[in-house]
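Protein chains: 2
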Amino acid sequence: MNKHDAGGFVGDRPRSTDLDNPLARKLEHFARLADDDRLQLAAALSPARTIAARADIREEGDDPRSVNVILDGWACRYRQLPNGQRQIVSLLLPGDPCDPQVFHQRRVHHAIGALTPVSLAQIRGSAMKELMAHSSALEEAFFRERLSATAIQYEWTVSLGRRSAIERLAHLFCELHARLDAVGLADGASCAMLLTQTDMANALGQTSVHINRTLKELRDMELITLRLRRLTIHDHAGLQALAMFEPTYVMDDEVGSSAQPR
Amino acid sequence: MNKHDAGGFVGDRPRSTDLDNPLARKLEHFARLADDDRLQLAAALSPARTIAARADIREEGDDPRSVNVILDGWACRYRQLPNGQRQIVSLLLPGDPCDPQVFHQRRVHHAIGALTPVSLAQIRGSAMKELMAHSSALEEAFFRERLSATAIQYEWTVSLGRRSAIERLAHLFCELHARLDAVGLADGASCAMLLTQTDMANALGQTSVHINRTLKELRDMELITLRLRRLTIHDHAGLQALAMFEPTYVMDDEVGSSAQPR
DNA sequence: CGTAAGATTGATTTCGGTCAACTTCAGTGG
DNA sequence: CCACTGAAGTTGACCGAAATCAATCTTACG
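This is the structure we're talking about:
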C-alpha cells in the first residue's frame, strides 16, 4: 500500500496518510478520482498529529493557504462571547478541512476546539496548489467540497433562525448522519454521536436542560435512540420530515450515499 | 410574491464598469492594488444588468466559476422553508460577489433575491483565473474577501444562536454600517438602511412585530435613529458594546476604515 | 387621492430559559 | 473492590422574551 515516485520527494510516509483517508472518501463524492489522484492526495498529507479532547487546535506554520484535515475525532469552530456564552459555529468531522486561515486574520474571532481526541494532518499551501494544478478532478472535488461546507453553514443559519427546538435537533442529527455516512462512518441507520448535551446546546443556541427535554421528546416519538455515544435513527423519513431536511445539500453528488433508506 | 425577471439588458453602460466600482473599493482593503490591477479588474467586469426589486437573481451562463458582483442596490441569499417561513441567510451589498455557483448544485437550496433594484456585473470564470494568475495582489485580495465573507457568516450564526433581540439588531446595524463604510457608502455615522422591518425579521429569525418594538427600544436608548431609509448611529461605542460587535472581523485590513470613531 | 405595503401598538400565549435539586456514570485512587 | 469525585444527564417549578393575533396608523406612489 506504499509507493514512491509520486511526482515528489516524500521519503517516509506514516500509516495515517495512506490511500484510504476520510478526506479521499469525501472527495470521491464530488468528483471521480483517478488512482493517481488518490496517490497524490495521500502524498500531500503531512504526518498526523494528535490533539487532546477539549483542547484548542492552533496553527503552527505560517502558510495561510495550508489546510488542516481531520483524520479522526470531532472538533468544532466556536466563538466565546464577552459575556461568557459560547456558540458552536460549525462541527468538523473526519475528512473536513478546518481552514486554519482564520489564524492569519488580525484577531482570531473564532477558535477551533477538539470535542474528542482528534488526529489531524496538514496539506501545505504549495502542495495544495500543485494538486489542483495537476488534476482537474481534484480541483473540482475541492471546489465542490467548499460549496458543500458553505451550504451546510447556510443551513445552520436557517436552523437557528427558523426551526423550533425539536426541528433543530432533528435537523442536526440528519445532517451529522449524512456527513458521517459520506465518509463511511455511518453504519446503516446508526452513527457515532460524540456531542454531549451541552455541546448540542452550544451548537443549536439553546440550553442543555432544554436539549435534554427535546431529546426525550424525540425518543418518545420513537424517531431515534441515543445510547453510549451512539445515535440510531429508527424512522429516517419521519425524522427528515420533522427537520425539513433535504439531504442533497450535504453531498449533492453523482453517486448517492450508501446508507440512505427510503 | 416574486415578480418575473426584469428581462435584463437595461441600458448597458460601460460607465458602471469604470475604475471606481465598489468591488475595487472593497478589495483595496484586502491588498494594496496597483493601477494596473484596477484596470484589469474593471476590464474583467461585464456590462451591468439590472434586476427589479423583489425579483430573484438567476444565473444565465453556464460557467460555475463565474461571479456576479453587485454594483448597486441590496440583495439577499435566502431560504424558504416548506412551511412557508423565510430565512435570510446573508445580505449582499454593493461590491459583494453573490456566488452564482449555487445555481450549479443539483437542487438550489437557497435563492438570491433583490431587496431593491439591483445592478449586477459578471466576471467570467476564465477572466477570474487570469486576474488571479497575473496579479498576486488581486489573488490575495480575493482570497481575503472570501475569508471576510465567511467570518461574517459565522458571526450571523453567533447572533442567531446567542444574542438577544436587541443585541442582534444592534449587531446587524454595526455590521451593515461597517460593510457600507468599506465601500465608501457610509456618510460618517449614517448610512442607507434599505431593509424593511420584515426583511430584518427574516434576517434575524424574528417577527416584524418584535423588530418594531426592538427598534423603538434602540431609539429610546438614543443609540440610533432610522428615518427615510437612512440609519444614523448616535452612539457608535454604545451600540457596539451592546451588540458585542468587534469591528475587525468585517475588514481586518491594514488601512482601517474611514468612519470608525474612537 | 386612493390603495396597498409598511409600521405601530395592545392583549394574550407559548416556547424555551432559569434555578435548583437529584441521579447516573466513568474514572481514580485507597 | 469499593468509596469518592466530577462530569454528564434528568426532572420539576417557575419565569420571561419573543411569538401570535388583531386592530389601527402612516407613507409611498401610480
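So the protein sequences, as listed, match chains S and L. So that you can map any letter, position 132 of the first sequence is 132 in my numbering, and since no number is skipped, the others follow by simple counting. So that you can map any letter, position 119 of the second sequence is 381 in my numbering, and since no number is skipped, the others follow by simple counting. Glycine included, every Cβ here is placed at the ideal spot set by N, Cα and C. Every value quoted in this text rests on a predicted model; they were computed, and no experiment measured them.
- Annotation for C174 (chain S): no beta strand (DSSP E) segment contains it, though the alpha helix (DSSP H) segment containing it runs A165 to A182.
- Only those residues of the region 436-470 of chain L whose C-beta falls short of 7 angstroms from the nearest C-beta of chain S are listed: G467.
- With its beta carbon at least 9 angstroms from every one in chain S, M394 (chain L) lies outside the interface.
- When secondary structure is reduced to three states using DSSP, D334 (chain L) falls in the strand class.
- Cβ-Cβ separation between A454 (chain L) and V512 (chain L): approximately 17 angstroms, too far for a contact (criterion under 8 angstroms).
- Not a single CB atom of chain L sits nearer than 9 angstroms to the CB of E28 (chain S).
- Rounded to the nearest whole angstrom, the CA to CA distance from L33 (chain S) to N21 (chain S) is 14 angstroms.
- When L:L303, L:V331 and L:L354 are compared, the shortest CA-CA separation from K391 (chain L) is found for L:L303.
- Here R339 (chain L) really is in contact with I374 (chain L); their C-beta atoms are around 5 angstroms apart, less than 8 angstroms.
- The beta carbon of E429 (chain L) is closer than 8 angstroms to those of S421, L504, A505 and M506 in its chain, skipping five residues each way along the sequence.
- Its Cα nearest to that of T198 (chain S), the residue S:R213 stands out among S:L176, S:R213 and S:A186.
- Taking one beta carbon from each stretch, the region 169-176 of chain S and the region 215-223 of chain S have 3 or more pairs nearer than 8 angstroms; the two touch.
- Bridge pairing for T232 (chain S): S:S190 and S:T225 [DSSP].
- According to the DSSP secondary-structure assignment, R65 (chain S) is paired through a beta bridge with no residue.
- Here DSSP, grouped into helix, strand and coil, assigns L120 (chain S) to strand.
- Classified as buried, K26 (chain S) has 16 or more neighbouring CB atoms from the shown chains inside 10 Å of its CB.
- Within the region 490-504 of chain L, no residue has its Cβ closer than 8 angstroms to any Cβ of chain S.
- Between the beta-carbon of S452 (chain L) and that of R492 (chain L) there is about 6 angstroms, and that keeps the pair under the 8 angstroms contact cut.
- Under the Cβ criterion of 9 angstroms, R163 (chain S) is counted among the residues facing chain L.
- Under the Cβ criterion of 9 angstroms, N68 (chain S) is not counted among the residues facing chain L.
- Per the DSSP secondary-structure output, S208 (chain S) pairs with nothing in a beta bridge.
- By DSSP's assignment, I88 (chain S) forms a beta bridge with S:Y78.
- Secondary structure at T412 (chain L): helix, using DSSP grouped into helix, strand and coil.
- Interface annotation, T214 (chain S): not in contact with chain L, CB-CB separation never under 9 angstroms.
- The residue from S:D37, S:T248 and S:P247 with its alpha-carbon nearest to that of E139 (chain S) is S:D37.
- In the three-state DSSP reduction, G125 (chain S) falls in the helix class (H, G or I).
- Sequence-distant partners of R162 (chain S) (beyond 5 residues in either direction) whose C-beta falls short of 7 angstroms from its own C-beta are missing from its chain.
- Q347 (chain L) and V471 (chain L) have their C-alpha atoms roughly 15 angstroms apart.
- DSSP places A111 (chain S) in no alpha helix (DSSP H) but in the uninterrupted beta strand (DSSP E) bounded by A111 to A114.
- Proximity of chain L to P82 (chain S) at the Cβ level (cut-off 8 angstroms) is accounted for by M506, in chain order.
- Using a Cβ-Cβ cut-off of 9 angstroms, E155 (chain S) counts as an interface residue toward chain L, since at least one Cβ of chain L sits closer than that to its own.
- For V351 (chain L), the nearest beta carbon of chain S is closer than 9 angstroms to its own beta carbon.
- Not one beta carbon of chain S lies nearer than 9 angstroms to the beta carbon of L377 (chain L).
- Identification of chain S residues near H372 (chain L) by a Cβ-Cβ cut-off of 7 angstroms yields Y154, ordered along the chain.
- Here R311 (chain L) is buried. Its C-beta has 16 or more other C-beta atoms within 10 Å.
- Pairing L115 (chain S) with P379 (chain L), the inter-Cα distance amounts to about 45 angstroms.
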